[in-house]
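These notes concern the structure reproduced below.
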Amino acid sequence: FILFGPKAPVRLPQRCQPRANMSAMLEPLVDKVVQVITNDGRNIVGLLKGFDQTTNVILDECHERVFSTTAGVEQVMLGLYIVRGDNIALVGEVDEEIDAEIDLAMLKAEPLKAVVH
Numbered sequence: 001f002i003l004f005g006p007k008a009p010v011r012l013p014q015r016c017q018p019r020a021n022m023s024a025m026l027e028p029l030v031d032k033v034v035q036v037i038t039n040d041g042r043n044i045v046g047l048l049k050g051f052d053q054t055t056n057v058i059l060d061e062c063h064e065r066v067f068s069t070t071a072g073v074e075q076v077m078l079g080l081y082i083v084r085g086d087n088i089a090l091v092g093e094v095d096e097e098i099d100a101e102i103d104l105a106m107l108k109a110e111p112l113k114a115v116v117h
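UniProt numbering numbers the first residue of the sequence shown as 1 and each following residue consecutively.
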């Protein structure tokens, strides 16, 4: 990717490439458990089965974790689920050993707020 401006053209490093290349960063996560944080503050955990060039993701065996300050984390089963790329704020791999040790029923936290543009 090359930027043109008042000075000579500048080639951006790979990590600064446009969003189309961002989806390629998901390739190593296919068939692994991931956590997706959406722009509206949802927390979805599931097995990444696929994605496309606009970062739409397909999750299998997934659930949403609903956080509350008064009760433990509620897990809402979603099954096979598609999350639109334009609604994804973050995708990260879940360490399943550490995740299994967390007592979600005892975990209390404020829900994430929506992203404001």
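By construction, the Cβ of each residue, glycine as well, lies at the ideal position given by its N, Cα and C atoms.
Rounded straight-line distance, which links the Cα of residue j to that of residue i
{"i": "F67", "j": "A105", "result": "10 Å"}
{"i": "D99", "j": "H117", "result": "31 Å"}
{"i": "N56", "j": "E93", "result": "16 Å"}
{"i": "D60", "j": "T70", "result": "29 Å"}
{"i": "T38", "j": "S23", "result": "15 Å"}
{"i": "residue 129", "j": "R65", "result": "For the chain, the structure presents residues 1 to 117; residue 129 sits outside this window and is missing."}
{"i": "G50", "j": "D103", "result": "29 Å"}
{"i": "Q75", "j": "D52", "result": "27 Å"}
{"i": "I58", "j": "E97", "result": "23 Å"}
{"i": "M77", "j": "K108", "result": "19 Å"}
{"i": "V33", "j": "L112", "result": "21 Å"}
{"i": "T54", "j": "E101", "result": "34 Å"}
{"i": "N43", "j": "D95", "result": "16 Å"}
Residues that DSSP places opposite residue i in a beta bridge
{"i": "E74", "result": "V66"}
{"i": "G79", "result": "C62"}
{"i": "V33", "result": "L47"}
Expected contact under 8 Å - CB spacing of residue i and residue j to nearest Å
{"i": "G79", "j": "C62", "result": "7 Å"}
{"i": "G41", "j": "Y81", "result": "Going by Cβ atoms, the distance from G41 to Y81 rounds to 16 Å, so no, they are not a contact pair."}
{"i": "V36", "j": "I88", "result": "6 Å"}
Neighbour flag for residue i against chain B, beta carbons, 8 Å
{"i": "I82", "result": "Annotation note: the requested chain B is absent from the structure, which comprises a single protein chain."}
Distance CB(residue i)-CB(residue j) smaller than 8 Å
{"i": "L26", "j": "V91", "result": "yes"}
Burial state of residue i (16 or more Cβ within 10 Å)
{"i": "V115", "result": "exposed"}
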